[in-house]
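Undergrad: When we follow our numbering, the leftmost residue of the sequence shown carries the number 391, and every step to the right adds one. One structure, as structure tokens, below. Some questions next.
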Amino acid sequence: MAIHKLNDVKIRAKIREIEDLSYTSRKSALLGDGQGLTLAIAKNGTASWLFRYMDHGKAKSVGLGAYPGTSLKVAREKAQSMREARSSGIDPAVAKRQEIREQQLQQAKAKTFETCATEFIEFSKPAWKNAKHAQQWTNTLKQYAYPVIGQRAIGEVDSDQVVEILMPIWQRKNETATRLRGRIEAVLDWATVKGWRKGDNPARFKGHMEYLLPKVRAGTKNHHASLPYEELPKFLTKLKAETEPPRFLRRLFSLRGLSHEEVKQVLTRSPRACSEIGAGAPGGVPIVVGCH
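Here it is as structure tokens:
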């Protein structure tokens, strides 16, 4: 079979021939150099090298680089390596995929969790409603995740580290911990798609974290801060002194007219009403205006 049929003059002439036509009249072209080395020229005039071969009756091809960035000489050397691999029983397409995978894994070693999280947040911003959401992502990861895995290679993050992050707040701040777990999972999923890590996601909940983290205690709630009733007069006096109090605080001015007996009724009635709600509810609070 003839080999080395191409030269740069022939290649450039063919590219000009395609570019001189109106775009609707253009057709892509294949220029063969021999023994599998082929230059594919697209309708827009860009060209790239391919090594084409048959494997068990199936046509396959492997990219060798764009022309002229990859010269004719270099393309021939790469094609010869492919032919030698074929002679050794190696499928060049499979070998190429493995090579790319190894390159991705090497790149992953330089990718930390914090780097990937920052890139993922930037990638996701256009789909989020506002900048506040992106800031919330950054804040929770910075506060809880980065101290443990921020500088760890993205491919090395494992289940033990995720548990180490979540365990301290899983019971007392479960809502925050749940959001945090989901954010870690999303970053790791994104890194996997990018080829920077492989295997199952160590932060996934179903069938994994649900068995590594304790069950959340029933009835556990994060109650709002309360104010001891003996401090109420001082608080209201200070609130009244504000020239323009926040709107959500203005409603508290209605409490100024409470008599001493009315305050006593609130203090004695509210704890009992709350206790009737069910197990896990507080049995008494310093002052309660209704139950939440």
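The C-beta atom is built at its ideal place from N, Cα and C for all residues, glycine as well.
Sort LYS501, ARG473, THR508 by Cα distance to SER451 and report the nearest one.
TA: Residue ARG473 is the option with its Cα nearest to SER451.
Undergrad: In the DSSP assignment, what are the bridge partners of TRP439?
TA: LEU429, GLY455
Undergrad: Here's the rule: buried if 16 or more other CB atoms are within 10 angstroms of the residue's CB, otherwise exposed. What is MET599?
TA: By the Cβ-count criterion, MET599 is buried, with 16 or more other Cβ atoms from all chains shown falling within 10 Å of its own Cβ.
Undergrad: Please specify which runs of the alpha helix (DSSP H), each continuous and at least 4 residues long, are wholly inside the segment 485 to 562, giving them in chain order.
TA: Fully enclosed alpha helix (DSSP H) runs of 4 or longer: 503 to 514, 521 to 530, 536 to 539, 549 to 560.
Undergrad: Determine the direct distance from the alpha carbon of ARG466 to that of ARG406, and round the result to whole angstroms.
TA: 23 Å
Undergrad: I believe ASN564 touches VAL606 by the beta-carbon criterion, under 8 Å. Please report the beta-carbon distance rounded to the nearest angstrom.
TA: The Cβ separation is near 5 Å, so the contact holds.
Undergrad: Helix, strand or coil, according to DSSP, for LEU420 in the structure here?
TA: strand
Undergrad: Tell whether a beta-carbon distance below 8 Å holds between ALA581 and ILE555.
TA: No, they are not a contact pair.
Undergrad: By how many angstroms is the C-alpha of PHE503 removed from the C-alpha of ARG594?
TA: Roughly 16 Å between the two C-alpha positions.
Undergrad: Give every residue of the same chain whose Cβ lies closer than 7 Å to the Cβ of ILE511, excluding the five residues on either side of it in the sequence, and list them in chain order.
TA: ALA524, TRP527, THR528
Undergrad: Do you know offhand how far ALA419's Cα is from LYS404's?
TA: 9 Å
Undergrad: Contact defined as beta carbons within less than 8 Å: I believe THR428 pairs with LEU421. What is the distance between those atoms, to the nearest angstrom?
TA: Correct: roughly 7 Å between the Cβ atoms.
Undergrad: Hey, would you say ARG587 sits closer than 8 Å to GLY545, going by beta carbons?
TA: yes
Undergrad: Got a sec, what are the start and stop residues for the alpha helix (DSSP H) PHE625 sits in?
TA: 622 to 631
Undergrad: Taking the alpha helix (DSSP H) that GLY572 belongs to, which residues open and close that run?
TA: 564 to 583
Undergrad: Are the Cβ atoms of HIS446 and GLY424 separated by less than 8 Å?
TA: No. Outside cutoff.
Undergrad: What does a CB cutoff of less than 6 Å around PRO592 pick up in its chain, not counting 5 residues either side in sequence?
TA: Cβ neighbours of PRO592 beyond the five flanking positions: ASP548, SER549, VAL552.
Undergrad: Indicate whether LYS400 and LYS417 have their beta-carbon atoms separated by less than 8 Å.
TA: no
Undergrad: Does the distance from the C-beta atom of LEU531 to that of ARG573 stay below 8 Å?
TA: yes
Undergrad: Going straight from the alpha carbon of PHE513 to that of LYS468, what length do you get?
TA: 36 Å
Undergrad: Take ASN397 as the anchor and find which of GLN497, ILE480, LYS499, PRO458 has the nearest alpha-carbon.
TA: Among GLN497, ILE480, LYS499, PRO458, the Cα nearest to that of ASN397 belongs to PRO458.
Undergrad: If you run the structure through DSSP and keep just helix, strand and coil, what is ASP590?
TA: coil
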